[in-house]
Each structure stands twice: as structure tokens, then as C-alpha cells.
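So the protein sequences, as listed, match chains H and E.
Residue numbers for the first sequence follow this note's numbering, beginning at 125 and rising by one.
Residue numbers for the second sequence follow this note's numbering, beginning at 4 and rising by one.
We put the CB at the ideal spot given by N, CA and C, even for glycine.
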Amino acid sequence: MLKINNLQARVEAAEILKGIDLEVKAGEVHAIMGPNGSGKSTLCQVLGGRDGYEVTGGTVEFMGKDLFELEPEERAREGILLGFQYPVEIPGVKNIYLLKEAYNAQRKHRGEPEADTFQFLKLVREKLKTMQMDESFLHRAVNVGFSGGEKKRNEILQMLVLEPKLALLDETDSGLDIDALKVVSEGVNRLRSQDRAIVLVTHYQRLLSHIEPDFVHVLSDGRIIKSGDKTLAHELERNGYHGIIEEAA
Amino acid sequence: MSTHSQDVEQLVKREYKYGFSTDIDQEILPPGLNEDVIRAISAKKHEPEFMLNWRLEAYRHWLTMKEPSWAHVHYPKIDYQAVSYYAAPKSDDDAPKSLDEVDPKLLETYEKLGIPLHERARLAGVAVDAVFDSVSVTTTFKEKLGEAGVIFCSFSEAVHNHPELVQKYLGTVVPSGDNYFAALNAAVFSDGSFVYIPKGVRCPMELSTYFRINAMDTGQFERTLIIAEEGSHVSYLEGCTAPQRDRNQLHAAVVELIALDDAEIKYSTVQNWYPGDEEGKGGIYNFVTKRGECRGRNSKISWTQVEAGSAITWKYPSCVLLGDNSVGEFYSVAVGNNMQQIDSGTKMIHVGKNTRSTIISKGISAGRANNAYRGLVKILGGAEGARNYTQCDSLLLGDRCGAHTYPYIEVKNPSAQVEHEATTSKIGDDQIFYLKQRGISEEDAVNMIVNGFCKEVFGELPMEFAVEAQALLAVSLEGAVG
């Protein structure tokens with residue numbers, strides 16, 4: 125599904141990604157862990173297509189297409205969803221409106237008819253239940269006045285509605301209390317299926333006890349220095365990044 | 004659109020593209036302004052003596068006045084002697100005969116705005132006979148209003164058919180010498196609308212200039228007078244989202260509203276005059292004086308405006324709250340792109356007890372546009388318990404435009420409560436990226452954010468206007484980002 129080959133990228137003058145290789149297949153859940161400044165968020169932004177992140181080398185293929193040939197909105201319509209570490213506030217725009225526009229943008233892209241309000245509302249209500257969110261969320265402005273936990277739930281709600289092929293979740297667990305973490309994890313687990321893939325970016329092992337990854341990668345200084353199965357996350361928890369980084373050096 | 008790229012003088016020298024009402028002779032007065040010109044205008048319109056005297060008084064006052072320079076706008080000096088103040092209706096000979104002859108770019112804009120097919124021809128200036136039978140629509144409409152006792156006609160008709168009403172109310176809200184442009188308007192105004200709602204009548208339909216024949220063609224110096232008698236109610240719609248072409252660069256309109264006891268007037272405007280090209284060439288100067296008086300107790304006047312066009316907008320729809328418990332409202336969206344200049348806002352003058360006013364202003368600037376909110380809230384000594392709430396928000400698109408806020412607050416009664424909130428924000432790259440990452444195109448993302456910003460004002464517009472206004476904003480801001 126996603127093939128990253130020797131990806132290098134910079135932000136302004138600083139070289140952040142220094143050659144990343146990663147393959148994610150349908151049905152897999154990958155966790156990317158690493159200390160602050162290792163390039164985790166940059167990797168997400170580059171894959172999402174944000175301005176200001178300059179790709180200086182390497183290739184990325186998504187479903188057989190050159191990712192860098194696609195605009196950010198095209199990547200989204202093709203099925204990539206980036207769960208933001210800091211979801212953005214959009215005053216005056218109702219949550220339900222954004223959800224519906226996004227949903228229909230995808231349908232249009234696939235040549236399907238747009239959903240009518242009634243059908244759509246039914247779908248969203250179901251997803252709200254999973255996320256243990258009140259219906260009033262739909263009528264609030266996107267992320268405006270939401271607590272940190274509510275914002276993250278809202279990201280996962282969008283993911284459940286849009287059903288992406290590839291979900292890139294950037295520190296979705298940060299700022300969540302234990303109950304919220306459970307709800308968010310439950311939402312993500314709902315999306316797991318044979319034809320989807322999930323990439324979790326996180327600092328902490330605790331998320332991974334709720335969403336069990338098939339693969340864990342350690343990112344340090346713009347490179348993946350170690351990959352393994354879920355036991356690698358436990359090892360990290362015990363020894364810290366420091367031990368692994370030294371071992372790799 | 005080549006006619007718009009010429010300078011003021013050339014433009015004002017031309018004859019009107021659109022004519023006025025049908026009783027005008029096919030004749031043009033030479034450029035220039037003096038008492039003889041005013042006498043000639045009044046004579047051609049067969050006006051009664053009181054109208055001529057009123058015009059002359061206004062003219063004499065105008066001569067003593069100076070063109071205002073306090074607004075945050077810049078334009079070359081206008082040569083008022085180069086303007087022809089009376090022109091015969093344009094003949095249909097040089098008008099396009101059908102839509103096939105109309106600039107395809109203009110048609111494309113109509114398409115985007117969702118203007119109904121039968122209206123496109125009229126807006127594009129296609130010869131009226133070839134357009135559609137507007138007469139029958141108007142007749143049905145007039146019958147229905149007649150049954151309710153509502154008078155809705157052109158100003159010229161009102162002068163002939165209801166001189167006593169005109170004489171009683173004309174200039175009582177905006178006196179002929181009120182300001183430079185209002186005085187000029189009073190001296191030379193050509194036509195406009197007149198509305199009278201009798202006591203206790205709720206006007207059975209929205210009054211739209213759309214239904215008044217020739218309403219689109221009232222041109223340069225338009226004058227509107229609306230009187231709502233005790234306990235009456237009227238909603239009036241002015242303008243149109245479609246881009247309006249006009250050869251006259253200077254527009255100086257006056258609107259007067261009068262609400263007596265328990266009466267309510269809602270006045271909605273969508274203004275989309277030609278704004279000039281990307282470099283600011285051409286475009287209409289829209290210098291308008293709009294004021295309403297809540298004369299009666301418990302009366303209410305509400306202004307809602309969407310200002311999207313014109314090269315320069317100078318406009319402050321105001322409310323004088325004389326009656327106790329009267330209410331004034333101002334809801335505004337003003338959007339400027341490219342080189343547009345906007346200096347707009349409102350005045351709320353609280354005279355009566357327990358008077359209340361609300362001001363919600365949303366300014367959007369893009370390109371190299373400058374957008375100023377200028378508002379006065381004045382609470383006089385007798386306005387016991389008066390309250391005002393002002394919210395004034397600016398949204399910037401890009402980094403070459405400007406937003407300015409000039410709030411003036413004068414409070415002479417200690418029991419008054421005045422609140423003012425103001426924000427300035429920019430459409431953030433992070434907002435755009437967030438929406439794009441959800442599959443929404445950049446253009447739709449901008450529209451979504453802008454419409455969200457304007458929501459409170461659009462909510463005040465009549466339903467069909469609100470939908471058009473959203474489309475209008477999208478078209479006005481095309482290419483503003485990215």
C-alpha cells in the first residue's frame with residue numbers, strides 16, 4: 125500500500141528526514157516511535173503534503189501511485205487520512221458540515237453520488253456512539269473550544285466517517301486521560317481490517333497496549349534505526365530510547 | 004468590460020447605459036451643474052414647486068460645502084462640472100439583442116452565482132423587449148400590494164401621485180444639507196423607490212427592487228424613502244448579487260427610513276457594482292447616505308448589507324433611536340479584493356429611553372484591498388437604560404491587504420451599557436491544510452472559512468438572498484488565496 129524509499133526531507137534549512145525506508149501493507153498496523161525531534165511529525169506532514177516541507181530525495185508510492193504527484197486534497201481523496209497532533213480550529217464552520225463536505229469530496233472522487241443529509245446523519249450518529257460523543261458535537265464549530273481530549277476524539281470520528289485506506293495518526297494519544305485513551309483506541313481498532321493500514325506515531329508504549337501493532341519502528345535523527353514486532357515497544361519502555369540508539373550506533 | 008477601464012471624466016461624460024422611467028424625453032443635458040440644470044431636471048420631471056425649491060436649496064447648500072476627506076479611501080479629484088446630470092434613457096439600438104451577444108465571461112459569472120436564466124438577459128443589458136414579460140409579474144405583484152394598501156412605486160411616481168406624503172417626509176431623516184454627497188443627491192437625484200406601509204399593515208411580501216420596472220436603471224443619484232406607519236412591518240431588498248454594469252462612475256444614493264410607533268423596517272442590501280480591474284482601474288465610487296429614524300415607541304430598524312462590489316465604498320447605514328424602547332440593528336459583510344477600498348460602518352444614535360442597538364460587522368480583505376470599519380455609538384443624556392453591543396471582526400487573506408477599525412463611542416448617560424468586541428484574524432495556512440487533508444479543495448476551504456466567518460450576518464438575510472450572498476463571496480474572492 126505505502127512504499128517509502130530512502131525519503132529525505134527538510135524544513136527550511138534543516139535536514140530532518142535523512143533516508144527513510146518503510147513498507148506498509150494492507151491489513152497492517154505499524155507504530156513509529158522515537159524521541160522528540162527524531163522526525164516523526166515531519167514524516168507525517170511530508171506524507172500529508174504540507175507546504176514548507178521540502179522533499180529532497182527518495183520516493184513514496186501509495187497504492188501504486190507516486191505520492192508526490194498528488195496534491196494534499198487528492199491524497200486525502202485517494203484514502204490517506206492524517207490525524208493531526210494539534211487539530212486546527214475553524215470558527216463558524218460546523219463539525220457536521222466539514223464531515224459531510226469531506227465525505228462527499230471522497231465519494232465524488234470515486235464517481236459515487238453524494239450522500240443526502242438523512243443518510244449521512246444516520247452514519248455519523250453510529251460513529252458518534254463509538255466515540256462516546258454527544259450529538260451536540262456535530263453542531264459546534266470545528267474544534268473551537270474543544271478540550272485536548274475532545275479534539276483527538278473528533279479526529280478519530282472523522283477517520284471513522286471517512287474510512288481511509290491509510291490512517292497516519294500523529295501522536296493521537298498525547299494529552300488523553302486513561303478513559304479517553306480507551307475510547308480513542310477503540311475507535312482506531314474499529315478501523316482495523318484486511319484492506320486498511322494504520323500508522324501510529326507515538327512517544328509512549330501505553331497506546332500500544334490498546335492498539336496492538338504488527339510492527340514497531342524506532343526513528344532517530346531522521347532514520348529508522350531499528351524495526352521489530354510489538355516486543356520492541358516493551359524493550360523501549362524498559363530501556364528508553366537511549367539504549368536502543370546507542371546499540372544502533 | 005472595456006468601458007470600465009477608462010477614467011472618471013470619460014466615464015461620467017458618457018450617456019447613461021440604462022435609462023430612467025419612461026416619461027423622460029430623449030434628451031441629454033450638457034455636462035455641468037448650475038441652477039439652470041436643476042430647474043431643467045425638475046421641469047423635465049414635471050415636478051411640483053416644492054420639489055424644485057427643495058432641490059435648489061440643496062444645491063445652494065452644496066456649493067458651500069467641501070468634499071469629505073476623512074475616510075480611509077483615495078481617489079482622484081472628481082470634476083463635478085464634467086458630469087451630465089440628466090440623460091435620456093439609452094436606446095436599445097446598441098444593446099445586445101440576445102445572450103449570444105453578451106460577453107461570455109459575464110455569463111460565466113452569472114452561472115457561478117446561480118442567477119436564473121430569464122434574469123441573466125436583463126442583467127446583461129439585453130434589450131428589454133427581448134428579455135421576458137416583466138410587466139405581468141409586476142402587475143400581479145402590484146395588485147396584491149394594492150389590496151393591502153401598500154404604496155410601492157418609483158420616486159417620480161410618488162411625487163406625482165402622493166405629493167403630500169413626499170412633502171411631509173422627504174429630507175426629514177437625511178436633510179438636504181446633511182453631507183456633501185447627500186446634498187448633491189438632493190439637488191440632482193433622478194429617481195428611486197418610494198414605499199408607504201399604512202397603519203397596522205404587515206406588508207404581504209418582501210419588497211424587492213427586482214419587481215419594480217426600471218429599478219435597476221435608477222443610476223447615479225438614486226433616492227429611496229420608506230415610511231412605516233404605526234404597527235406596520237416591511238422587509239425591503241435592494242440590489243442584486245449579479246455584477247451590475249454601469250457607465251457612471253460616481254454613485255451617490257440616499258436612503259431614508261421612517262418607523263413610527265411599533266413599526267418595523269428591515270432593509271437588506273446586496274451590492275455588487277463593478278469593482279474595477281485587478282489594477283484598480285475603473286470601478287464605481289459608491290458614496291451612499293443611508294439613515295433610518297425610529298420615531299415611534301417600540302419601533303425597530305434593521306440594516307443588513309453585503310457589500311462586495313464598487314472600487315470605493317463610503318457608506319454608514321445608521322439608526323436614530325428617538326422613540327423609547329426602539330431598536331436599531333446593523334449586520335454587515337464587506338468584502339474587498341484586488342484594489343478595492345471600503346470605508347463603511349454605522350451610527351447608532353440613542354435618544355430615547357431603553358433604546359437598544361446591535362452592530363455586527365464582518366470585514367474581509369484580500370488582494371491589496373483596504374477595508375475600514377467606522378462606527379459611532381452615541382448615547383445622549385436622556386437615553387436612560389440604553390444598551391449597545393458591537394462586534395467587529397476582520398479577516399485577512401494574504402499579506403498585502405489591510406483591515407482598519409475606527410470605533411467612536413460617546414456616552415452621556417451613566418446608566419447606559421456599551422460593549423465593543425473586535426477581532427482580527429488571518430486565514431491560516433494550517434486551517435487550509437487541515438481542510439485539504441480532509442479532501443476539500445483549496446478554493447472550497449477558503450469559502451468554507453469565509454462563510455463561517457460571515458454566518459451571523461448571512462443568518463439575517465432573507466433565505467434566497469443568503470444563498471446568493473454565499474455564492475457572491477466565493478466569486479468575489481476567487482483567486483485571493485494560492
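{"Query": "Residue 168/H, enclosing alpha helix (DSSP H) - first and last residue", "Result": "164-172"}
{"Query": "Residues of its chain near residue 376/E, where Cβ-Cβ distance is below 6 Å and the 5 sequence neighbours each way are ignored", "Result": "348, 364, 366, 395 and 408"}
{"Query": "Unbroken stretches of the alpha helix (DSSP H), 4 residues or longer, contained in the region 246-321 of chain H", "Result": "272-286 and 302-315"}
{"Query": "Assigned secondary structure, residue 479/E (DSSP; H/G/I helix, E/B strand, else coil)", "Result": "helix"}
{"Query": "C-alpha distance - residue 192/E paired with residue 59/E, whole-angstrom precision", "Result": "12 Å"}
{"Query": "DSSP beta-bridge partners of residue 146/H", "Result": "128/H"}
{"Query": "Top-ranked residue by Cα proximity to residue 166/E, from 55/E, 258/E, 151/E and 89/E", "Result": "55/E"}
{"Query": "Residue 94/E versus residue 227/E: straight-line alpha-carbon distance, rounded", "Result": "Low local confidence applies: a pLDDT of 46 at residue 94/E is under 50, so the model's placement there is unreliable, and no value is given."}
{"Query": "For residue 325/E, the nearest candidate out of 261/E, 374/E, 456/E and 317/E (CA to CA)", "Result": "261/E"}
{"Query": "Rounded distance between the beta-carbons of residue 282/E and residue 342/E, thought under 8 Å", "Result": "7 Å"}
{"Query": "Burial state of residue 466/E, where buried means 16 or more other Cβ atoms lie within 10 Å", "Result": "exposed"}
{"Query": "Residue 471/E to residue 337/E span [Cα, whole Å]", "Result": "15 Å"}
{"Query": "Whole-angstrom distance between residue 350/E and residue 223/E, CA atom to CA atom", "Result": "24 Å"}
{"Query": "Nearest-angstrom Cα separation, counted from residue 229/H out to residue 371/E", "Result": "32 Å"}
{"Query": "Inter-residue Cα distance where the pair is residue 120/H and residue 292/E", "Result": "Lying before the first or after the last residue shown, residue 120/H is absent from chain H, which here runs from 125 to 373."}
{"Query": "Distance between residue 269/H and residue 215/H (C-alpha atoms, nearest Å)", "Result": "10 Å"}
{"Query": "Which of helix, strand or coil DSSP assigns to residue 371/E", "Result": "coil"}
{"Query": "Where the alpha helix (DSSP H) containing residue 275/E begins and where it ends", "Result": "Unbroken run through residue 275/E: none, as it is neither H nor E."}
{"Query": "Residue 212/H - DSSP class collapsed to helix/strand/coil", "Result": "coil"}
{"Query": "Three-state secondary structure assigned by DSSP to residue 77/E", "Result": "coil"}
{"Query": "Cut-off 6 Å between Cβ atoms - residues of its own chain near residue 201/E, not counting five sequence neighbours on either side", "Result": "152 and 232"}
{"Query": "Contact residues within the region 424-441 of chain E, judged by C-beta distance below 7 Å to chain H", "Result": "432, 433, 434, 436, 437, 439, 440 and 441"}
{"Query": "Beta-bridge partners of residue 352/H, as assigned by DSSP", "Result": "340/H"}
{"Query": "Delimiting residues of the alpha helix (DSSP H) encompassing residue 434/E", "Result": "432-439"}
{"Query": "Among 185/H, 126/H, 169/H and 130/H, nearest to residue 148/H - alpha-carbon criterion", "Result": "126/H"}
{"Query": "Any C-beta of chain E under 8 Å from that of residue 277/H", "Result": "no"}
{"Query": "Simplified DSSP assignment, three categories, for residue 1/E", "Result": "Here chain E has residues from 4 to 485 only, and residue 1/E is not among them."}
{"Query": "For residue 287/H and residue 22/E, the rounded distance between their alpha carbons", "Result": "Per-residue confidence for residue 22/E stands at a pLDDT of 27, beneath the threshold of 50, marking its modelled position as unreliable; the derived number appears in the next sentence. Going from the Cα of residue 22/E to the Cα of residue 287/H covers about 59 Å."}
{"Query": "Minimum C-alpha distance to residue 318/H - residue among 145/H, 151/H, 283/H and 132/H", "Result": "151/H"}
{"Query": "Cutoff 7 Å; reference residue 76/E; Cβ partners in own chain excluding five residues on either side", "Result": "315, 317, 344 and 346"}
{"Query": "Buried/exposed call for residue 372/H, threshold 16 Cβ in 10 Å", "Result": "exposed"}
{"Query": "Distance, residue 49/E Cα to residue 162/E Cα", "Result": "9 Å"}
{"Query": "Buried or exposed by the 16-neighbour rule on C-beta atoms within 10 Å, applied to residue 284/E", "Result": "exposed"}
{"Query": "Classification of residue 293/H by the beta-carbon crowding that lies within 10 angstroms, buried from 16 upward", "Result": "buried"}
{"Query": "8 Å Cβ cutoff met for residue 296/H and residue 276/H", "Result": "yes"}
{"Query": "Limits of the beta strand (DSSP E) - the one that residue 396/E falls within", "Result": "390-399"}
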